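**Student:** Throughout the sequence shown, residue numbering follows our numbering, covering 51 to 364 in sequence.
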Amino acid sequence: MKVSVILPCYNGASTVGEQLDALARQTYKGELEVVFVNNGSSDNSVEIAESYSDRLPGLRVVNAGAGPGKPIGHVSHSYTVGFGAVTGDVIFLCESDDIVEDNWLEILVPELEHHDFVAPSIDYVMLNDEDIRPLPENADQTPENGLPSQVGPLFLTYANCCAIGMTRACFEKVGMPSTAVHTAWDVDYCWRVQLAGMKLHFVPEAVVHYRVRNNARARINQAKTWGESHTYLLIRYGMPSMARYVAYCGWRLFRTTIYLGMGMASGKKNYAYWVWPLAFAIGQTKGIPILARAKMGAFKDMRIKVDRKSLLAG
51 MKVSVILPCY
61 NGASTVGEQL
71 DALARQTYKG
81 ELEVVFVNNG
91 SSDNSVEIAE
101 SYSDRLPGLR
111 VVNAGAGPGK
121 PIGHVSHSYT
131 VGFGAVTGDV
141 IFLCESDDIV
151 EDNWLEILVP
161 ELEHHDFVAP
171 SIDYVMLNDE
181 DIRPLPENAD
191 QTPENGLPSQ
201 VGPLFLTYAN
211 CCAIGMTRAC
221 FEKVGMPSTA
231 VHTAWDVDYC
241 WRVQLAGMKL
251 HFVPEAVVHY
261 RVRNNARARI
271 NQAKTWGESH
281 TYLLIRYGMP
291 SMARYVAYCG
301 WRLFRTTIYL
311 GMGMASGKKN
321 YAYWVWPLAF
331 AIGQTKGIPI
341 LARAKMGAFK
351 DMRIKVDRKS
361 LLAG
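Written out as structure tokens, the structure reads:
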């Protein structure tokens, strides 16, 4: 069975070597193709990737950007380019700032003989200081907590797509990642897999070491972007009324401000950790004018009609 791995990268020179080392150490013995997708890097990420050609004979570099320092879109665009380039029977995704365990593929590839879509567990300990990594009870996709399902409007399970795998048949049935939902593409893709009649199979024995943003500015920017992208999921799968969404955003801002204050008072973590929910809520508030545009008829092409009763029955 030929395995393809898509590795997108934008200015990842400080970390991508660790991920490439991990891919070179994979204990899987079958044919391995690694498609390194460069989305406009202006550092030496491409040179680092090309230096692994002897250790990863199946490595190819493809371009997704408009030139150095000119990335196109979000990471979903890079994955779209990667999906168009891979030739394997099964397809895996990973990212330039994480590290997959050496047996990641050895564990997950056989699972795809019986399942359409597989997701490993996430370890937050190895790459992150204690004061910034999630509290155990709040950590998504760990062996203890399993796959999350707290995102609306569908509240289906989803996986962080930093190390997932799928059969080619699954990809061909679901299609390309959607760039229309911006950074929420992985939630959207997991939902589309399930709406197509397939299931997400969680394999906790396979592990990816996940790197969280490690300073307040980076975390605030990421959380705001993710919060705003959530608006596109609402537009795609079921829009609330404007009044309801505005009220929800106000409640979220109030609640997360209190959460920040209580968290700081506890002394358990630092500001960069506790500010995340508030920044996400600010991003959701930035989505109010986007939702208003949708109410006036914008974004019609991205909408998917979902039978909620069938989902509940399932």
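Built from N, CA and C at the ideal position, the CB exists for glycine as well. Given the structure is predicted, the values throughout are model-derived calculations rather than measurements.
CB Thr207 to CB Leu250, shorter than 7 angstroms?
**Tutor:** yes
**Student:** Which residue's Cα is closest to the Cα of Gly196: Ala297, Val253 and Trp324?
**Tutor:** Val253
**Student:** Is the Cβ-Cβ distance between Asp181 and Asn271 less than 7 angstroms?
**Tutor:** no
**Student:** Please report the straight-line C-alpha distance between Arg242 and Phe349, rounded to a whole angstrom.
**Tutor:** 18 angstroms
**Student:** Identify which residue in Pro107, Asn264, Gly62 and Ser103 has its Cα closest to the Cα of Gly119.
**Tutor:** Gly62
**Student:** I need the straight-line Cα distance from Ala256 to Ser199, nearest angstrom please.
**Tutor:** 20 angstroms
**Student:** Return the bridge partner residues of Ala169 from the DSSP annotation.
**Tutor:** Phe252
**Student:** At 4 residues or longer, and completely inside the segment 146 to 193: list those alpha helix (DSSP H) runs for me, N to C.
**Tutor:** 154 to 161
**Student:** May I ask you to report which of helix, strand or coil DSSP gives Arg261?
**Tutor:** If DSSP states are grouped into helix, strand and coil, Arg261 belongs with coil.
**Student:** On the criterion of 16 or more Cβ atoms from any shown chain inside 10 Å, does Phe133 qualify as buried, or is it exposed?
**Tutor:** Buried, because 16 or more other Cβ atoms sit within 10 Å of the Cβ of Phe133.
**Student:** What are the complete alpha helix (DSSP H) segments, minimum 4 residues, inside the segment 261 to 304?
**Tutor:** Runs found: 266 to 287.
**Student:** Is the segment 284 to 297 in contact with the segment 209 to 218, if contact means three or more CB pairs nearer than 8 angstroms?
**Tutor:** Because the criterion of three Cβ pairs below 8 angstroms is not met, the segment 284 to 297 and the segment 209 to 218 do not touch.
**Student:** Which same chain residues, not among the five before or five after Thr335, have their C-beta less than 6 angstroms away from its C-beta?
**Tutor:** Taken in chain order, the residues that qualify are Cys299.
**Student:** Whole alpha helix (DSSP H) runs in the segment 91 to 153 with 4 or more residues, listed along the chain?
**Tutor:** 95 to 100 and 125 to 135
**Student:** Once you ignore the five residues that flank Trp154 on each side, which residues in its own chain have a CB closer than 6 angstroms to its CB?
**Tutor:** Ala256
**Student:** Bridge partners for Ser54 per DSSP, in chain order?
**Tutor:** Glu83 and Ile141
**Student:** Please go through the same chain and pick out, in chain order, the residues whose beta-carbon is closer than 7 angstroms to the beta-carbon of Thr306, but skip the five residues on each side of it.
**Tutor:** Pro327, Leu328 and Ala331
**Student:** Can you grab the Cα-Cα spacing for the pair Met216 / Val55, in whole Å?
**Tutor:** 11 angstroms
**Student:** Among Tyr282, Arg286 and Lys52, whose alpha-carbon lies nearest the alpha-carbon of Asn160?
**Tutor:** It should be pointed out that residue 160 corresponds to Pro in this sequence rather than to Asn. Residue Lys52 is the option with its Cα nearest to Pro160.
**Student:** Do Ser279 and Ala234 have their beta-carbon atoms positioned less than 7 angstroms apart in this structure?
**Tutor:** yes
**Student:** With Gly215 as the anchor, note down where its beta strand (DSSP E) starts and where it stops.
**Tutor:** Gly215 to Thr217
**Student:** To the nearest whole angstrom, what separates the beta carbons of Leu283 and Val356, a pair I think is in contact under 8 angstroms?
**Tutor:** Going by Cβ atoms, the distance from Leu283 to Val356 rounds to 11 angstroms, so no, they are not a contact pair.
**Student:** Between which two residues does the alpha helix (DSSP H) holding Ile340 run?
**Tutor:** Ile338 to Lys345
**Student:** Could you name the residues of the same chain whose beta carbon sits closer than 7 angstroms to that of Pro227, not counting the 5 residues immediately before and after it, in chain order?
**Tutor:** Ser126, Tyr129, Thr130, Trp235 and Tyr239
**Student:** Ordered along the chain, which non-local residues of its own chain (more than five positions away) have a Cβ less than 8 angstroms from that of Trp324?
**Tutor:** Tyr309, Leu310, Gly313 and Met314
**Student:** Quick check: what's the CA-CA separation for Tyr260 versus Asp173?
**Tutor:** 6 angstroms
**Student:** Expressed to the nearest angstrom, what Euclidean distance is found between the alpha-carbon atoms of Ala99 and Ile354?
**Tutor:** 38 angstroms
**Student:** Assess contact between the segment 69 to 77 and the segment 162 to 176, defined as three or more Cβ pairs (one per stretch) separated by less than 8 angstroms. Is contact present?
**Tutor:** No, the segment 69 to 77 does not touch the segment 162 to 176.
**Student:** Return the first residue and the last residue of the alpha helix (DSSP H) that Leu70 is part of.
**Tutor:** Val66 to Ala74
**Student:** Asn88: buried (16+ other C-beta within 10 angstroms of its C-beta) or exposed?
**Tutor:** buried
**Student:** Can you list, in chain order, the residues of its chain whose CB lies under 8 angstroms from that of Ile122, leaving out five sequence neighbours each side?
**Tutor:** Asn89, Gly90, Ala114, Gly115 and Ala116
**Student:** Taking a contact to mean a Cβ-Cβ separation below 7 angstroms, would you say Gly337 touches Thr281 in this structure?
**Tutor:** Yes, they are a contact pair.
**Student:** Pick out whichever of Arg343, Leu303, Pro184 and Glu222 has its Cα sitting closest to the Cα of Arg20.
**Tutor:** Since the first and last residues shown for the chain are 51 and 364, residue 20 lies out of range.
**Student:** Taking Ala72 and Ile149 to be in contact with their CB atoms under 8 angstroms, please state how far apart those CB atoms are, rounded to whole angstroms.
**Tutor:** Yes, they are in contact, since the Cβ atoms of Ala72 and Ile149 sit about 5 angstroms apart, within 8 angstroms.
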